[in-house]
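**Student:** Residue numbers (UniProt numbering), protein chains in the order written: chain S, 1 to 295; chain P, 1 to 295; chain U, 1 to 295; chain V, 1 to 295; chain L, 1 to 295; chain R, 1 to 295.
The following block contains the structure, expressed as structure tokens.
Number of protein chains: 6
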Amino acid sequence: MSDSTNKVLKIGLPKGSLQDSTLELFAKAGFHFSVSSRSYFPSIDDDEIQAILIRAQEMAKYIESGAFDVGLTGKDWIIETGAKVVEVADLIYSKASMRPVRWVLAVPEKSDIQSVKDLEGKHIATEVVNITKNYLQKNNVSAEVEFSWGATEVKPPDLADAIVEVTETGNSLRANKLRIVETILESNTKLIANEAAWNDPWKREKIENLAMLLEGAIVATGKVGLKFNIKEENLKSIVDKIPSLRNPTIAHLVETGWVAVESIVDEKQVRRLIPDLKRAGAEGIFEYEINKLIY
Amino acid sequence: MSDSTNKVLKIGLPKGSLQDSTLELFAKAGFHFSVSSRSYFPSIDDDEIQAILIRAQEMAKYIESGAFDVGLTGKDWIIETGAKVVEVADLIYSKASMRPVRWVLAVPEKSDIQSVKDLEGKHIATEVVNITKNYLQKNNVSAEVEFSWGATEVKPPDLADAIVEVTETGNSLRANKLRIVETILESNTKLIANEAAWNDPWKREKIENLAMLLEGAIVATGKVGLKFNIKEENLKSIVDKIPSLRNPTIAHLVETGWVAVESIVDEKQVRRLIPDLKRAGAEGIFEYEINKLIY
Amino acid sequence: MSDSTNKVLKIGLPKGSLQDSTLELFAKAGFHFSVSSRSYFPSIDDDEIQAILIRAQEMAKYIESGAFDVGLTGKDWIIETGAKVVEVADLIYSKASMRPVRWVLAVPEKSDIQSVKDLEGKHIATEVVNITKNYLQKNNVSAEVEFSWGATEVKPPDLADAIVEVTETGNSLRANKLRIVETILESNTKLIANEAAWNDPWKREKIENLAMLLEGAIVATGKVGLKFNIKEENLKSIVDKIPSLRNPTIAHLVETGWVAVESIVDEKQVRRLIPDLKRAGAEGIFEYEINKLIY
Amino acid sequence: MSDSTNKVLKIGLPKGSLQDSTLELFAKAGFHFSVSSRSYFPSIDDDEIQAILIRAQEMAKYIESGAFDVGLTGKDWIIETGAKVVEVADLIYSKASMRPVRWVLAVPEKSDIQSVKDLEGKHIATEVVNITKNYLQKNNVSAEVEFSWGATEVKPPDLADAIVEVTETGNSLRANKLRIVETILESNTKLIANEAAWNDPWKREKIENLAMLLEGAIVATGKVGLKFNIKEENLKSIVDKIPSLRNPTIAHLVETGWVAVESIVDEKQVRRLIPDLKRAGAEGIFEYEINKLIY
Amino acid sequence: MSDSTNKVLKIGLPKGSLQDSTLELFAKAGFHFSVSSRSYFPSIDDDEIQAILIRAQEMAKYIESGAFDVGLTGKDWIIETGAKVVEVADLIYSKASMRPVRWVLAVPEKSDIQSVKDLEGKHIATEVVNITKNYLQKNNVSAEVEFSWGATEVKPPDLADAIVEVTETGNSLRANKLRIVETILESNTKLIANEAAWNDPWKREKIENLAMLLEGAIVATGKVGLKFNIKEENLKSIVDKIPSLRNPTIAHLVETGWVAVESIVDEKQVRRLIPDLKRAGAEGIFEYEINKLIY
Amino acid sequence: MSDSTNKVLKIGLPKGSLQDSTLELFAKAGFHFSVSSRSYFPSIDDDEIQAILIRAQEMAKYIESGAFDVGLTGKDWIIETGAKVVEVADLIYSKASMRPVRWVLAVPEKSDIQSVKDLEGKHIATEVVNITKNYLQKNNVSAEVEFSWGATEVKPPDLADAIVEVTETGNSLRANKLRIVETILESNTKLIANEAAWNDPWKREKIENLAMLLEGAIVATGKVGLKFNIKEENLKSIVDKIPSLRNPTIAHLVETGWVAVESIVDEKQVRRLIPDLKRAGAEGIFEYEINKLIY
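Printed below as a string of structure tokens:
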């Protein structure tokens, strides 16, 4: 990975909890990595790409330095490390939830702390020391912030007065009898690029194509193809009545007066759409899966 | 689940051996439940539905009482419990077999019992005590029927003279050296509804849509989409020769004289159909999966 | 499997490492076997086919003798056993690699042996004794060839001077500090038939249909369907610029001046194709999976 | 299992959640059953014993009838079925807890029901219908008791007003937001015998030996052997100070004035005992496991 | 493994189904091998031993040639290969069964073949070609013997008229509807040595020690230690009545008139022994496990 | 864990890779923790102990502050954090190896860096930033030290010039083509205590007893009990010849002239000892396991 002049895009992929869903997303986008156990260098069926698995916490720093051209990490770690990188695209693909994650200030349920102001002189444990310090400074609060190596949510009240911790649903906080005081930062996964790589035309096009395909794979999740035949005379009223049938592809059939209608729709709407279509005279309605969708 | 006036459909799903295939079927129909381990209340991405997992044996009773609006259970347990419910649809989706299950009277291979008449004065173990008693009464036979908590097929000859037990293939009975004397009841899964819910227009439509989508998902199992191009002049002879190509969707291609043909066919017939099509001049034949099919 | 006059095709399937991928291939081709654990006689949803699982090494011999009509085995074992069979089709479907496997002559990294000529008087361990002996004879070398029951690659230098062993990637040889001297034979899976069966018209057609469907399933691997709408005026330039869009199916849409284009393309090309299409004015581009493809 | 005159003891073992720990206990007692999956007839290395696996709920009934001579089940199911059997021994060996299980009356946390008196006219779901009815009758309460096929703890408040359910720790009840109102019955596993078998001298001795060995295996759980050397002059003060060293085996060593002390003690006491012994002059203290202990 | 003059014993261990139980046996004997997955060279905590895993079929040949000094294989493969080796000890440690395995002549249940004489002109499939040929010759029968690569028991009647196959319980043969005609050979695992190694004094002692410890570990399986206190006056009558208490170790206790008795006994006898001892006045009876036993 | 005046010892256990072997060690020492998945507060069968699972990196800091009284962590993290704690005992119980781990300076195999002096101006990635900085300062070298979040060994040469990383066998470093330049620190697990807790008499005794039992459990690993009978006349020569039989317990048997000898010996020596004993006239030699050993 030493020579940046030849046509190779160096990409950093997040090691750890997001790894499997990231590789699945890339596969759906058309990039098939294979990872041998214990190796940090996935191989890929594209000679123009070299990949490395690295902790999300370190990604932005290495992209800023040019060690990688492009990579995936959270907005949180971009801010925490203060790295200067190009934010190419938002990629929201976490399976557990489509909502962004939140970094919150949390305290024991029975704590007296009700707002950030009450933290004066307290001990706070967190993995994001810089974000926490900036947040305290902005609120004119002086408190001791300690780096936590893990299991932060079990530390209050004995090992810390408060914590700043990441959460999706709040379940883990509740299970540890903690109460959320404030949300400090919302974060989601981003595709980020090194500035020099972004200004290199070959790399720029490669990165933009990659972004288009990753977004196409994300958009296709939760969409399905729907196809049915209908009398042409009934067509307009259907399209009028069913706004979710946007921009259908309509083709004349050989049988006079009938058309075939095909449309990509939200999978969640299908359960209302199919009964409506059936009642409106549609025949031979069927549904199929799609891999990618680029409008 | 206390308020029945707001727009919520309460649905009972069978806990146990049918649970996974039931949830798969609903997912294919467009209803995605998620079950946390040990919870009996699956969550679902439809605010108008509340679900509970309950043993199939108890389902009909709770639907009759209105505890649930709609649910899935076997015809056998509807009869056994004598519950008065609306039978909305037959749903045959068991993976192991598309055949309905049978409740049979079985005895040891070497038993003298050759028909129900020989049961006079005998001991019968079964999980369906009422069905068995009715069957004996109809045949004017007096015997002792005992509820069996399980492993019914190992009880003869020491713990029972005969059993009434459910079977799909008869394999388990044969493995326990039992002989089937008679079939007492055939059963399959049914979608059943509470009578009041069925008469409520909003619930009625919700239930009917649900039935349509569940049936569409079942029909689609074992069907595939088939698509190919062919000269228009060859089209009629193909359709004549191949009756399984019923109602194909035919579209004119830009290239003069060629049409694109698309049809949903039985997956099992494809292995005969494709060679026939190829020999009849079809080109670019390909096959794809479908999720739902509503004729 | 005793009567060869009725309409039954007896097929041998390779037991062992290829078994799962072979049954998957047949399923994709439309033939669904089910194998109970420990049974060697898979059942299938086609009354005209009887199957048996047998070691690939013994397949050709039993096809030659007529014990089976048709079967799958490697070219290597056809040569090793010297069996006279009809080679119906090449079937390259190994998941690990689409490259054929190679039987190579290998020696310890530090051995003096540099070519087959240096084997004079040496001990060679191998599973393919006949192939090895023929190869030595052709090279006028006299050496002792011993049948190896397994773990051949750990035998040099203590238990053999050289080995003839099968390899896909060479990884296992390298891990055992062996050096490849020469490739003796390339091999891949073949569909082979008994000569009499091949001359029986009913069996011949059944075998040819089977070959067509198996090949259709293999071809479809790594292909996807691609569909998009485009203004007719832009169509020609796209097709000219993008040769991989060979033979697309083009249909006029109801909206004047627009056509729907559908084509089956290599999945690996999609990541270049979609960005090109998008820039050329395509809309509503989506990708879907296919099961079989027969050109 | 038909002939009760020859010297065979027919034993019923509980199928289900207790099965593995029961078979482990018998193994520790010296009786090694082997169970092939799906079989209900474990084989054993003792020609005088025949075993069958049966649900704990049905055990007492089949022992009363003489179908088995002896078996293991809970006190709860003996009472529920009202079977007349000989209670030979208490066997408390459940791993999760050494406490007996309890059948409790439980209601939703927010229910108004505070005692059994408040059940008048309510619906109660339970697996132990008879025990529950007797308990209501004793309290002069009239309520509807329904047999529950399972998942009883999820039924309140929609499917029942109260339940009678078994619990060890109360965790599952709390997780379902239920409150315990009263304990109705404490239960533990018992070794029970048929009355006729108990009066047959050969069977009586066989059953008593079995009980002695099962109890010996249970007693040995949580005991260890402890051995050390000590000067004879220090011996008495140790034994006086350490009452848990009851009845040690003391042997003179060849070296004058020293004795070897060996004793079986509670494993939980060892962590206090060893430091005390060491300080009192003991040398070469070591601890070892035991399988059975019969005082 | 190149230098045979320094003090290293080269040992061959059977790869495959016996591997795990072999390594367990060695561990119990005090030799702890550790095998990394995929490696054929287990490491061991004894600098004087080098080990290799090799198929049991090839063991005797490599011991005869001196590639290994000592190894474990079956009597069957020693005879099949005709290798000249020293048989040091019988090692019967298969978990499934303590009985030796048998190679049997088996035919389809309905075959006319009733004895070896009926094999004249038939096809026989087997893994032990030489043993089978010798057996036919001894019986003056001429038949075709073919090497079988595996799954021999499914070959009759289509692929062979009879087979010679190994069996422990006969279950697999019965499951394939085969009938045993004759037993050709009984076999068990043996520790065998190379003749030159056996004559080397250092290796001879090392091999003999190894054999003693392996046998000690096998003997200890199924034995337990039993210890109890008893009044000296009761001692003799116990030893007289209970012959299995052979050669107990008896020590005087400090308490006058009491002795401690310790004996190693068959674990299977304990269930009779303990009740007898208890009735004869023994106190504090306890049982413990042992690892090795050398009389 | 709020009140330090009552008699409770607060103990920190290392979360992560050492967790299972640590809990096993405590169990062997007589302290049985049970950890529910996801909980950080193991429960224990000793009312005087409260435990928390915490990362080894944070242990020393929390012991210094008095958050815990006692805990287990590596010497490395005591030094890295600079915490002032009492080192009570060395506990070497890692299963993989009994050797202490080493923190080493490692560079790419082909790097020019040959000693710490060559690090001037380089980038070093490590988890132990303080240890590395001190080491550089002691060597008068100025280099940039960056905290590494993990996967440190894959960083050279692209993401770092050198690393300081922990290793047991060096395998992982070799697999990543790194060369060890120097060892910076050897480390092993230690039992450490808070100074105030150490000065509290009740806690001091509790900690010392704990240390004695943990050490007793570690010492017992790899030891076994050996017992045999021998003629008294042969006893002295055995004890003289076999120094590993140190301090045996010898008891006179009832049979005149015989003694029973019992000794705890290294399990690794048993394979030499037993043959020697047998040749010297020992009888009834047997070996058994022990749990703890306190000399």
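Think of the CB as a built atom: it goes at the ideal place given N, C-alpha and C, for glycine as much as any other residue.
Report buried or exposed for GLU127/L, applying the criterion of at least 16 other Cβ atoms within 10 angstroms of its Cβ.
**Tutor:** Within the fifth sequence, the letter at position 127 stands for residue 127/L. Classification for GLU127/L: buried.
**Student:** Three-state secondary structure (DSSP) at PRO108/L?
**Tutor:** Residue mapping note: residue 108/L aligns to position 108 of the fifth sequence, counting from 1. Three-state DSSP puts PRO108/L in a strand.
**Student:** Could you check if ASP69/P is buried or exposed, using at least 16 other CB atoms within 10 Å of its CB as the buried criterion?
**Tutor:** The residue given as residue 69/P occupies position 69 in the second sequence. Answer is buried; the Cβ neighbour count reaches 16.
**Student:** Could you tell me which chain P residues have their CB closer than 8 Å to the CB of GLU58/V, listed as they occur along the chain?
**Tutor:** Against the fourth sequence, residue 58/V aligns to sequence position 58. Within 8 Å Cβ-Cβ: SER148 and TRP149.
**Student:** Which residues in the same chain as ILE274/V place their Cβ atom closer than 7 Å to its Cβ, once the five residues preceding and following it in sequence are excluded?
**Tutor:** For this step, residue 274/V is matched to residue 274 along the fourth sequence. Around ILE274/V: ILE285.
**Student:** Are the Cβ atoms of LEU91/R and LEU72/R separated by less than 8 Å?
**Tutor:** Taking the sixth sequence and counting its residues from 1, the one referred to as residue 91/R is at position 91. Taking the sixth sequence and counting its residues from 1, the one referred to as residue 72/R is at position 72. Cβ distance < 8 Å, so LEU91/R and LEU72/R count as in contact.
**Student:** Would you call PRO201/P buried or exposed, if buried means 16 or more other Cβ atoms sit within 10 Å of its Cβ?
**Tutor:** Here residue 201/P is taken as the residue at index 201 of the second sequence, counted from 1. By the neighbour-count rule (16 or more Cβ atoms within 10 Å), PRO201/P is not buried but exposed.
**Student:** From ALA217/V to LYS10/L, what distance separates their C-alpha atoms?
**Tutor:** The count along the fourth sequence starts at 1 and reaches residue 217/V at position 217. The count along the fifth sequence starts at 1 and reaches residue 10/L at position 10. Each residue's Cα considered, the two are about 44 Å apart.
**Student:** Comparing alpha-carbon positions, which option in ARG102/U, ALA60/U and LYS223/U lies nearest ASN291/S?
**Tutor:** Taking the first residue of the first sequence as position 1, residue 291/S is located at position 291. The shortest Cα separation from ASN291/S among ARG102/U, ALA60/U and LYS223/U belongs to LYS223/U.
**Student:** In the segment 180–191 of chain V, which residues sit with their C-beta less than 8 Å from some C-beta in chain P, listed in chain order?
**Tutor:** none
**Student:** Roughly how far, in whole angstroms, is the beta-carbon of LEU178/V from the beta-carbon of TYR62/P, given that I think they are within contact range, below 8 Å?
**Tutor:** Locating residue 178/V in the fourth sequence gives position 178, where the first residue counts as 1. Locating residue 62/P in the second sequence gives position 62, where the first residue counts as 1. That pair is no contact at about 19 Å.
**Student:** Starting from GLY74/U, follow the beta strand (DSSP E) in both directions and report where the run begins and ends.
**Tutor:** The residue labelled residue 74/U in the question sits at position 74 within the third sequence. That run of the beta strand (DSSP E) goes 70–74.
**Student:** Would the segment 106–120 of chain P and the segment 159–169 of chain P be scored as touching if the rule is three or more Cβ pairs under 8 Å?
**Tutor:** yes
**Student:** In chain S, which residues lie less than 8 Å from VAL259/P when you measure between Cβ atoms?
**Tutor:** On the second sequence, residue 259/P is found 259 positions in, with the first residue counted as 1. The contacting residues are VAL254.
**Student:** Can you round the beta-carbon distance between VAL259/V and ILE230/V to whole angstroms, since I take them to be within the 8 Å contact cut?
**Tutor:** Here residue 259/V is taken as the residue at index 259 of the fourth sequence, counted from 1. Here residue 230/V is taken as the residue at index 230 of the fourth sequence, counted from 1. Between ILE230/V and VAL259/V the Cβ distance is about 6 Å, and since that is below 8 Å, they are a contact.
**Student:** Let's test the definition: count the other Cβ atoms within 10 Å of the Cβ of LYS83/P and tell me whether it reaches 16, buried, or not, exposed.
**Tutor:** In the second sequence, counting from the first residue as 1, residue 83/P sits at position 83. Inspection of the sequence shows that residue 83/P is occupied by Ala rather than by Lys. ALA83/P should be labelled buried.
**Student:** First and last residue of the alpha helix (DSSP H) that includes THR169/V?
**Tutor:** Numbered from its first residue, the fourth sequence carries residue 169/V at position 169. No alpha helix (DSSP H) holds THR169/V; DSSP gives it neither H nor E.
**Student:** Any idea what DSSP makes of residue 306/V, helix, strand or coil?
**Tutor:** In the structure displayed, chain V extends from 1 to 295; residue 306/V sits before or after that span and is not available.
**Student:** Against ASN229/S, what residues of chain P qualify as contacts under a CB-to-CB distance less than 9 Å, listed in chain order?
**Tutor:** Locating residue 229/S in the first sequence gives position 229, where the first residue counts as 1. In chain order: ASN247 and THR249.
**Student:** Can you name the residues that DSSP bridges to LEU185/P?
**Tutor:** For the purposes of this step, residue 185/P is identified with residue 185 of the second sequence, where counting begins at 1. Partner(s): TRP103/P.
**Student:** Counting only C-beta atoms, is ASN209/V closer than 8 Å to chain L at any point?
**Tutor:** On the fourth sequence, position 209 is the one that residue 209/V refers to. Chain L contact via Cβ: present.
**Student:** Determine, using beta carbons only, whether residue 361/P comes closer than 8 Å to chain U.
**Tutor:** This structure cannot settle anything about residue 361/P, because the visible part of chain P is limited to 1 through 295.
**Student:** Drop a sphere of 10 angstroms on the beta-carbon of residue 317/P, count the other beta-carbons inside from all chains shown, and report buried for 16 or more, exposed for fewer.
**Tutor:** In the structure displayed, chain P extends from 1 to 295; residue 317/P sits before or after that span and is not available.
**Student:** If contact means a Cβ-Cβ distance below 7 Å, which residues of the segment 154–165 of chain U contact chain L?
**Tutor:** VAL154, ASP158 and LEU159
**Student:** If you measure from the beta carbon of ALA96/L to each beta carbon in chain V, is any gap under 8 Å?
**Tutor:** Translated into the one-based positions of the fifth sequence, residue 96/L becomes position 96. Residue placement at ALA96/L is poorly supported in this model, since its pLDDT is 44, which falls under 50; the coordinates are not used for a value here.
**Student:** Our contact map puts ALA29/P next to LEU214/P with C-beta atoms below 8 Å; I'd like the distance itself, whole angstroms only.
**Tutor:** Translated into the one-based positions of the second sequence, residue 29/P becomes position 29. Translated into the one-based positions of the second sequence, residue 214/P becomes position 214. Contact annotation, ALA29/P with LEU214/P: C-beta distance approximately 5 Å; criterion of less than 8 Å satisfied.
**Student:** Does the beta carbon of LEU213/L sit closer than 8 Å to a beta carbon anywhere in chain R?
**Tutor:** Your numbering for residue 213/L matches position 213 in the fifth sequence. It does; some Cβ of chain R falls within 8 Å.
**Student:** Taking C-alpha atoms, which residue in ALA251/S, PHE33/S, GLU182/S and ASP76/S lies nearest to ASN130/S?
**Tutor:** The residue given as residue 130/S occupies position 130 in the first sequence. It is ASP76/S whose Cα lies nearest to the Cα of ASN130/S.
**Student:** Can you confirm whether the segment 115–126 of chain V touches the segment 142–154 of chain V when touching is taken to mean that 3 or more C-beta pairs between the two stretches lie within less than 8 Å?
**Tutor:** yes
**Student:** Classify TRP77/S as helix, strand or coil using the three-state DSSP reduction.
**Tutor:** The sequence position of residue 77/S within the first sequence is 77, counting from 1. Reduced to three states, the DSSP call for TRP77/S is helix.
**Student:** For LEU13/S, does the count of other Cβ atoms within 10 angstroms reach 16, so buried, or fall short, so exposed?
**Tutor:** Residue numbering aside, residue 13/S sits at position 13 when the first sequence is read from its first letter. It counts as buried.
**Student:** Output yes or no for whether 8 Å exceeds the beta carbon distance between VAL116/V and GLU182/V.
**Tutor:** The residue given as residue 116/V occupies position 116 in the fourth sequence. The residue given as residue 182/V occupies position 182 in the fourth sequence. In contact: VAL116/V and GLU182/V (Cβ atoms closer than 8 Å).
**Student:** Three-state secondary structure (DSSP) at GLN137/S?
**Tutor:** Working through the first sequence from its first residue, we reach residue 137/S at position 137. It is helical.
**Student:** Under three-state DSSP, which class holds SER224/P?
**Tutor:** Here residue 224/P refers to the residue found at position 224 when the second sequence is read from its first residue. In the sequence on display, residue 224/P carries Val and not Ser. If DSSP states are grouped into helix, strand and coil, VAL224/P belongs with the strands.
**Student:** GLU186/P: buried (16+ other C-beta within 10 angstroms of its C-beta) or exposed?
**Tutor:** Residue mapping note: residue 186/P aligns to position 186 of the second sequence, counting from 1. With fewer than 16 Cβ atoms within 10 Å of its Cβ, GLU186/P is classed as exposed.
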